[in-house]
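Worksheet: the structure to be examined is printed underneath.
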Amino acid sequence: MKKTRILIASVLKPVNDTRMFEKIGSSLAHLPYTDVHIAGYAGVLPKTNLPITFHPFKEFKRLSWGRVKTQWEMWQLLRRIKPDLLIVSTHELLLVALVFKLFFKKKIWYDVRENYFLNLTTQQFYGGLSKRILAYTIRLIERLSAPFISQFLLAEQSYAQELSFVQHRFVILENKFIPPANNFAARKTYPVKINNNPIKLLYSGTISEMHGIFEAIELCRQLHQEHASVTLTIMGYCAIPETLVQIRDQIKSKPYITLIGGDKLVPHSQIVNEISTSQVGLLPYQPHPSTFRCIPTKLFEYLANGLPVLVQENPYWVERVNSNQAGIMLHFKNFNAAEILKKLKSQEFYPAGPPEEAFWKTEEIKLISLFRQEFKHL
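Just so you know, full-length UniProt numbering puts 98 at position 98 of the sequence shown, and the rest follows in order with no gaps.
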């Protein structure tokens with residue numbers, strides 16, 4: 001039987017991106033008669049026994065002509081591979097995907113990982129006029145592309161309400177956790193008890209002001225004053241140099257706070273290892289229109305690993321935390337450090353163990369069902 005060729009592509013993510021490779025790519029590669037290709041910017045090529053081929057784009061700076069030239073590189077790749085299914089993981093490749101659709105009549109899925117319009121119009125990453133021009137241009141491209149897209153893969157439940165152009169052609173694939181071969185969480189004893197043990201806090205993933213990095217530092221400072229055994233590891237990438245300078249300035253006199261990464265990406269496997277040696281995970285996200293209704297990937301990671309959490313009060317997260325007795329909800333700008341420490345040392349967490357709904361397996365079932373629906377010969 002002829003193999004079904006699948007290409008998953010993004011210019012915003014590396015070829016070893018967790019969602020493209022470990023989740024969507026690997027799930028589809030496990031199916032018989034599939035041949036998976038992944039394209040993204042250069043990164044450490046993963047070792048895998050699955051039928052997956054990686055295609056790193058040439059290096060380019062974030063704002064440069066090299067980024068535009070990647071469109072041509074993508075077109076050449078499409079002509080060479082001629083995938084039966086193209087999964088576009090960024091708005092930047094929608095136009096070249098449409099040209100491919102017109103010439104080769106193949107299926108396109110759009111993996112919507114961000115509400116780009118909402119991000120650009122509410123965040124302060126770009127200037128006032130330029131961000132609005134960019135936001136409306138992206139939304140126009142998404143709307144014009146929508147009729148040619150077979151299915152939309154939505155990384156957040158909220159996108160189904162926020163993005164009218166997806167209509168009813170979508171499936172929600174949240175960024176849930178895939179356990180490694182040496183699954184630490186399966187070897188833990190439940191319920192989790194911190195008691196009087198040293199407390200190692202973890203802030204992992206995107207490092208930014210909006211994601212609450214400075215609130216995490218302040219929380220650790222106050223908890224450390226209450227008990228000297230409290231430490232904090234900050235692990236992830238910070239895209240804004242000015243923010244990174246502030247962070248380093250704030251922690252230089254705090255030997256109990258360690259920064260790993262900062263100006264460079266941290267492999268996801270290293271973050272998972274750090275989760276396994278931590279006692280409490282922090283989610284100090286500050287309320288913001290672009291993230292308020294989203295479920296952070298690291299919430300799934302912490303839940304799946306049975307890691308107790310301190311979480312910013314949010315009605316969209318409270319059920320997942322409370323139903324699993326996974327941690328404590330608080331307001332990171334107004335808290336009582338002594339009270340939080342008391343709760344951490346006295347409460348029991350995850351009495352039933354890590355929740356099944358935190359794992360990618362639930363999403364993989366939906367993905368494979370959709371694929372078989374679209375490619376009925378498999």
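We treat Cβ as the ideally placed atom computed from N, Cα and C, and that holds for glycine.
By DSSP's criteria, Gly262 is part of a beta bridge. Which residues make up the other side? Indexing the sequence shown from 1 puts residue 262 at position 262. DSSP, once it has assigned bridges, lists Tyr237 as partnering Gly262.
Pull up the DSSP beta-bridge partners for Gln151, would you. Position 151 of the sequence shown, counting from 1, holds the residue named residue 151. Looking at the DSSP assignment, Gln151 forms a beta bridge with Trp109.
Given a cut-off of 8 Å on the beta-carbon distance, is the pair Tyr116 and Ile138 in contact? Counting from 1 along the sequence shown, the entry for residue 116 is found at position 116. Counting from 1 along the sequence shown, the entry for residue 138 is found at position 138. Yes.
If distances are taken between C-alpha atoms only, which option among Ala358, Gln325, Val44 and Phe371 comes closest to Lys193? On the sequence shown, residue 193 is found 193 positions in, with the first residue counted as 1. Ranking Ala358, Gln325, Val44 and Phe371 by Cα distance to Lys193 puts Gln325 first.
Does the Cβ of Lys13 have 16 or more other Cβ atoms within 10 Å, making it buried, or fewer, making it exposed? Residue 13 sits at position 13 when you count from the first residue of the sequence shown. In this structure Lys13 is buried. Its beta-carbon is surrounded by 16 or more other beta-carbon atoms within 10 angstroms.
Report all residues from its chain with a CB closer than 6 Å to the CB of Arg293; omit the five preceding and five following residues, and keep chain order. Sequence index remark: in the sequence shown, residue 293 carries index 293 (1-based). Result list for Arg293: Ser158 and Tyr316, in chain order.
What's the gap between the Cα of Arg320 and the Cα of Phe104? For the purposes of this step, residue 320 is taken as residue 320 along the sequence shown, with counting starting at 1. For the purposes of this step, residue 104 is taken as residue 104 along the sequence shown, with counting starting at 1. Looking at the two C-alpha atoms, the distance is approximately 44 Å.
Status (buried if at least 16 other CB within 10 Å, exposed otherwise) for Pro308: The residue you call residue 308 lines up with position 308 of the sequence shown. Around the beta carbon of Pro308, 16 or more other beta carbons lie within 10 angstroms, which makes this residue buried.
For Met1, does the three-state DSSP call read helix, strand or coil? For this step, residue 1 is matched to residue 1 along the sequence shown. It is coil, neither helix nor strand.
Taking the alpha-carbon positions, what's the Cys220 to Tyr285 distance? Locating residue 220 in the sequence shown gives position 220, counting from the first residue. Locating residue 285 in the sequence shown gives position 285, counting from the first residue. For Cys220 and Tyr285, the distance between alpha carbons rounds to 15 Å.
Are the region 68-86 and the region 351-366 in contact at 8 Å, needing three or more beta carbon pairs? With a cut-off of 8 Å, the region 351-366 and the region 68-86 do not count as touching, because too few Cβ pairs lie within range.
Could you tell me which residues DSSP puts in a beta bridge with Leu85? Here residue 85 refers to the residue found at position 85 of the sequence shown. BP columns for Leu85 point to Ile6 and Lys107.
To the nearest whole angstrom, what separates the beta carbons of Thr233 and Ser278, a pair I think is in contact under 8 Å? Taking the sequence shown and counting its residues from 1, the one referred to as residue 233 is at position 233. Taking the sequence shown and counting its residues from 1, the one referred to as residue 278 is at position 278. So it is a contact: roughly 7 Å between Cβ atoms.
Contacting residues, own chain, Cβ-Cβ under 8 Å from Gln250 (five flanking each side not counted): Taking the sequence shown and counting its residues from 1, the one referred to as residue 250 is at position 250. Closer than 8 Å at Cβ, skipping near neighbours: Phe214 and Ile217.
Measure the CB-CB distance between Tyr237 and Lys254 and report whether it falls below 8 Å. The residue you call residue 237 lines up with position 237 of the sequence shown. The residue you call residue 254 lines up with position 254 of the sequence shown. Not in contact: Tyr237 and Lys254 (Cβ atoms no closer than 8 Å).
Count Cβ pairs between the region 3-13 and the region 35-42 that sit closer than 8 Å; are there 3 or more? Counting Cβ pairs under 8 Å, three or more are found: they touch.
Residue span of the beta strand (DSSP E) that contains Gln123, given as start and end: On the sequence shown, residue 123 is found 123 positions in, with the first residue counted as 1. Taken as a continuous stretch (DSSP letters only), Gln123 belongs to no beta strand (DSSP E), as it is neither H nor E.
Are Glu313 and His288 closer than 8 Å when you measure CB to CB? The sequence position of residue 313 within the sequence shown is 313, counting from 1. The sequence position of residue 288 within the sequence shown is 288, counting from 1. Contact annotation: Glu313 and His288 have beta-carbon atoms that are not nearer than 8 Å.
In the DSSP output, which residue or residues are listed as bridge partners for Val309? As a first step, residue 309 must be located in the sequence shown, where it is residue number 309. Its beta-bridge partners are Gly281 and Gly327.
Using CA coordinates, which residue listed in Ile172, Glu339, Gly262 and Leu78 is at the minimum distance from Gly205? Locating residue 205 in the sequence shown gives position 205, counting from the first residue. From the listed residues Ile172, Glu339, Gly262 and Leu78, the smallest Cα separation to Gly205 is found for Gly262.
Measure the alpha-carbon distance for Arg372 versus Phe349 and round it to whole angstroms. Locating residue 372 in the sequence shown gives position 372, where the first residue counts as 1. Locating residue 349 in the sequence shown gives position 349, where the first residue counts as 1. The alpha-carbon atoms of Arg372 and Phe349 are separated by roughly 39 Å.
Measuring alpha carbon to alpha carbon, tell me which of Val318, Val96, Phe100 and His268 ends up nearest Glu22. Walking along the sequence shown from the start, residue 22 turns up at place 22. With distances taken between Cα atoms, Glu22 lies closest to His268.
Identified DSSP bridge partners for His268: Within the sequence shown, residue 268 is the residue found at index 268, counting from 1. Per DSSP, none; premise fails for His268.
Per DSSP, the bridge partner or partners of Asp35: The residue you call residue 35 lines up with position 35 of the sequence shown. DSSP lists Arg5 as the beta-bridge partner residues of Asp35.
Return helix, strand or coil for Glu374, following the three-state DSSP convention. Within the sequence shown, the letter at position 374 stands for residue 374. Three-state DSSP puts Glu374 in a helix.
Which same chain residues end up closer than 6 Å to Ile328 when comparing Cβ atoms and leaving out the 5 residues on each side of it in sequence? Taking the first residue of the sequence shown as 1, we reach residue 328 at position 328. So the list reads Leu310 and Lys343, once near-sequence residues are dropped.
Under the DSSP definition of a beta bridge, which residues are partnered with Pro41? To locate residue 41, count along the sequence shown from 1; it is residue 41. In the sequence on display, residue 41 carries Tyr and not Pro. Bridge partners of Tyr41 according to DSSP: Pro14 and Phe57.
Counting only the same chain and skipping the five closest in sequence on each side, list residues whose C-beta sits under 7 Å from that of Asn198. In the sequence shown, counting from the first residue as 1, residue 198 sits at position 198. Looking at the sequence shown, residue 198 is not Asn but Pro. Shown here for Pro198: same chain residues with a beta carbon closer than 7 Å to its own, the five before and five after excluded, namely Ser229 in chain order.
Give the DSSP-derived three-state secondary structure of Lys342 in the structure shown. As a working mapping, residue 342 is identified with position 342 in the sequence shown. In the displayed model, Lys342 falls within a helix according to three-state DSSP.
Is it buried or exposed for Glu301, if we count other Cβ within 10 angstroms and need 16 for buried? On the sequence shown, residue 301 is found 301 positions in, with the first residue counted as 1. It counts as buried.
Local Cβ density within 10 Å of Glu110, reported as buried at 16 or more and exposed below that: In the sequence shown, the residue the question calls residue 110 occupies position 110. Looking at the sequence provided, one finds Tyr at residue 110 rather than Glu. Buried, by the Cβ-count rule.
For Leu202 versus Gly306, is the C-beta spacing smaller than 8 Å? Position 202 of the sequence shown, counted from the first residue, corresponds to residue 202. Position 306 of the sequence shown, counted from the first residue, corresponds to residue 306. Not a contact, by the Cβ cut-off of 8 Å.
Using CA coordinates, which residue listed in His224, His55, Ala135 and Val15 is at the minimum distance from Tyr256? The sequence position of residue 256 within the sequence shown is 256, counting from 1. The residue with the shortest Cα to Cα distance from Tyr256 is His224.
Per DSSP, what kind of secondary structure is Val230 in: helix, strand or coil? Here residue 230 refers to the residue found at position 230 of the sequence shown. Assigned with DSSP and collapsed to three states, Val230 falls in coil, not helix or strand.
When we look at the beta-carbon of Asn175 and count the other beta-carbons within 10 Å, is it buried (16 or more) or exposed? On the sequence shown, residue 175 is found 175 positions in, with the first residue counted as 1. Asn175 is classed as buried because its beta carbon has at least 16 other beta carbons within 10 Å across all chains shown.
In the DSSP output, what is Lys193 paired with across the bridge? On the sequence shown, residue 193 is found 193 positions in, with the first residue counted as 1. In DSSP, Lys193 forms a bridge with Glu348.
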